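Student:
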Amino acid sequence: MNVYKAAQGFEKAKTSLMRGSMIYISDSSEVLIENCLEIEEFGENCVKVVLKKCVATITGLDLTMKNYNNSSVSIHGKIHSVDLIEKEQS
Amino acid sequence: MINFKGIIRIKMIGAYTERFISELLRQKIKLSNIANRGGVVYADVWAFRYKRIARLSRKYGVMVRIERKQGLLFTLNRHKRRYGVIFGLFAASCMLLSLRQYIWRIEVHGNEKFSTDYLISQLEACGVTAGTLTANVDTTEVERKIKLGNEGISWLNLEINGSRADLYLSESNIPKKAEISLKTPCNVVSLYDALITETDLYAGTLNYKKGDQVGKGSVLVSGTVNDGSDNIVYTHANAKIIGEFTDELDFYQPFSSVEKALTGGVETQKQLMLFGLRLPLYISPIDTDNKLCDEEIESFSFMGIEMPWKIKTERFTGYNETTVNRKAEDVKRLLESKLELYCFDMYKEYEILGISKGYDCTDEGITLHAQVKLKGSITELQPIYVRQN
């Protein structure tokens, strides 16, 4: 059995079953976002990502980003705030 | 960890870099260390993904440039014209791979009674030595051989880990006679049939006095004491009791015996031990019949590291088996020296008061009957087991 394929399948199933997105914050150094649809803005001090139901704005200093699987990103740096704004209903 | 695939740091310049990153995310292209420095976005990607990224970048109007390359792939590419280095690496890898097939180090774990040198020599006798091909070692057979030859070993396991042989063992645990604690009630009993010459009581009730004759196993000092109110109290009896006793010994020596007499001629042959092979450094082998062999292995080391080759020197000394016929006086002298040696070894703790000897002569040999009169401690502590109702 190919472990990577199995892991990808599991991730796909998890994403499709998830109704929303998940945000994990560990201290003020890392924010992990699962089920991220798009990166709207990426700057040194501000990262804006589009989630399923809202837009998350992470502000901080020296922000760097890493995507570790299909739809998850982790943002590192000195994080000051995480703002969540609901998406406009179209 | 060595990065074989190679990672490149790319820089992305354009108006829609975020969209481009989102697209890469959708395309399952992993980016790491994404950072925006003054409007320019930097990211690390696998080198083999670069072509796909470059193709996508045109679609989004983003300029992608390689900033830095890292990894074994690029390092090798940089040195591809250095044939000497490549050949050296190849030769070193081949050497490493071939040397891994041999045992270079032997480690012994869990030994207390048996010395490490002795166990290594036992392994050598079974054909496991530095330089032996690991494939040729039958660990089960070696374990069985060593265990059969050494009764003191209860469990043995030989493991070959790469080029290292680990010998794990546990020795038979024959418990020593437990010392009786001061809290345990006990008697003092006699070890021999003896005449008491000196008593010094520390605790308990003395049953015999100086000048009494006691038998083996007699209770010299009792641990049961009457407290004066008809109650029996059990105590830890202790005393120093010196006695005189006699030990009987017999030694036999025949008049005629076959013995080896060295002729004096020594012949030497050498062998080179390399990778488990024994290469002879002589043309014709020595006839080993009627010869005593003495072996010596010479190791070589360079900068503290033991080299894989050794020189084994075998010295053969010739002997003749001759029948020696001794006179009665010579036999008696030989028996007396045997007795003297025995007394020196066995009666270190006692004072020898006298030895009376008697010889029993037959047609074939002489038997020496000796009675050794000794003086010393004759006591032993014996615990009292009290049944509680």
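Chains A and B, in that order, give the protein sequences. The numbering of the first sequence is our numbering, which starts it at 1 and goes up by one. The numbering of the second sequence is our numbering, which starts it at 1001 and goes up by one. Every residue gets a Cβ at the ideal spot worked out from N, C-alpha and C, and that includes glycine. Computed from a predicted structure; not experimentally measured.
#1: I'd like to know whether the C-beta of N1111 (chain B) is nearer than 8 angstroms to at least one C-beta of chain A.
#2: How far does the alpha helix (DSSP H) with N1077 (chain B) in it extend, from its first residue to its last?
#3: For S90 (chain A) and chain B, any beta-carbon pair shorter than 8 angstroms?
#4: Would you mind stating whether I1010 (chain B) and V1045 (chain B) have Cβ atoms separated by less than 8 angstroms?
#5: Are the C-beta atoms of L1119 (chain B) and some chain A residue less than 8 angstroms apart?
#6: Can you list the residues of chain A that V1064 (chain B) reaches, using a CB-CB cut of under 8 angstroms?
#7: Could you tell me the alpha carbon to alpha carbon distance between G1365 (chain B) and A1261 (chain B), rounded to whole angstroms?
#8: Mark L86 (chain A) as exposed unless 16 or more other C-beta atoms lie within 10 angstroms of its C-beta, in which case mark it buried.
#9: Write down the C-beta distance between G1228 (chain B) and P1185 (chain B) rounded to the nearest angstrom, noting that I regard them as a contact closer than 8 angstroms.
#10: So which residues of chain A does E1018 (chain B) contact, with C-beta pairs closer than 7 angstroms?
#11: Can you tell me whether A7 (chain A) is buried or exposed, with buried defined as 16 or more other CB within 10 angstroms of its CB?
#12: Measure from the C-beta of K1030 (chain B) to each C-beta in chain A and report whether the shortest distance is under 8 angstroms.
#13: With distances taken from CA atoms, which of B:V1324, B:N1003, B:C1126 and B:L1334 is nearest S1256 (chain B)?
#14: How would you call V31 (chain A), buried or exposed, if buried means at least 16 neighbouring beta carbons within 10 angstroms?
#15: How about R1165 (chain B) and L1156 (chain B): are their beta carbons less than 8 angstroms apart?
#16: Thinking K1310 (chain B) and M1273 (chain B) are a contact (beta carbons under 8 angstroms), I'd like their distance in whole angstroms, please.
#17: Could you check which residue in A:E44, A:L61, A:D27 and A:G20 has the C-alpha nearest to that of N35 (chain A)?
#18: Spell out whether any CB of chain A is found under 8 angstroms from the CB atom of L1169 (chain B).
#19: Of all the CB atoms in chain A, is at least one closer than 8 angstroms to the CB of A1130 (chain B)?
#20: According to DSSP, simplified to helix, strand and coil, what is I33 (chain A)?
#21: Who are the near neighbours of W1104 (chain B) in its chain, counting only those whose CB is closer than 6 angstroms to its CB and skipping five residues on each side?
#22: If distances are taken between C-alpha atoms only, which option among B:L1123, B:L1148 and B:K1147 comes closest to V1137 (chain B)?
Tutor: On the basis of the coordinates in this document:
#1: No, because no Cβ of chain A sits closer than 8 angstroms to the Cβ of N1111 (chain B).
#2: L1072 to R1078
#3: No answer about S90 (chain A) holds up, because its pLDDT of 47 lies below 50 and its placement is not dependable.
#4: yes
#5: no
#6: Those within 8 angstroms of V1064 (chain B) in chain A number zero; the least Cβ separation is about 15 angstroms.
#7: 21 angstroms
#8: Inspection of the sequence shows that residue 86 (chain A) is occupied by Glu rather than by Leu. It is exposed - the Cβ of E86 (chain A) has fewer than 16 other Cβ atoms within 10 Å.
#9: Their Cβ separation, rounded to whole angstroms, is 18 angstroms, which puts G1228 (chain B) and P1185 (chain B) out of contact at 8 angstroms.
#10: I39, E40, E41 and F42
#11: exposed
#12: yes
#13: That would be B:V1324, whose Cα lies nearest to the Cα of S1256 (chain B).
#14: buried
#15: Going by the sequence as given, residue 1165 (chain B) is Ala instead of Arg. Judged by their CB atoms, A1165 (chain B) and L1156 (chain B) are not nearer to each other than the 8 angstroms cut-off.
#16: Approximately 4 angstroms separates the beta-carbon atoms of K1310 (chain B) and M1273 (chain B); this is inside 8 angstroms, confirming the contact.
#17: Distances from the alpha-carbon of N35 (chain A) to those of A:E44, A:L61, A:D27 and A:G20 put A:G20 closest.
#18: Not one chain A Cβ lies under 8 angstroms of L1169 (chain B).
#19: no
#20: In the structure shown, I33 (chain A) sits in a strand (DSSP, three-state: E or B).
#21: A1130 and S1163
#22: Of the candidates B:L1123, B:L1148 and B:K1147, the one whose C-alpha sits nearest the C-alpha of V1137 (chain B) is B:L1123.
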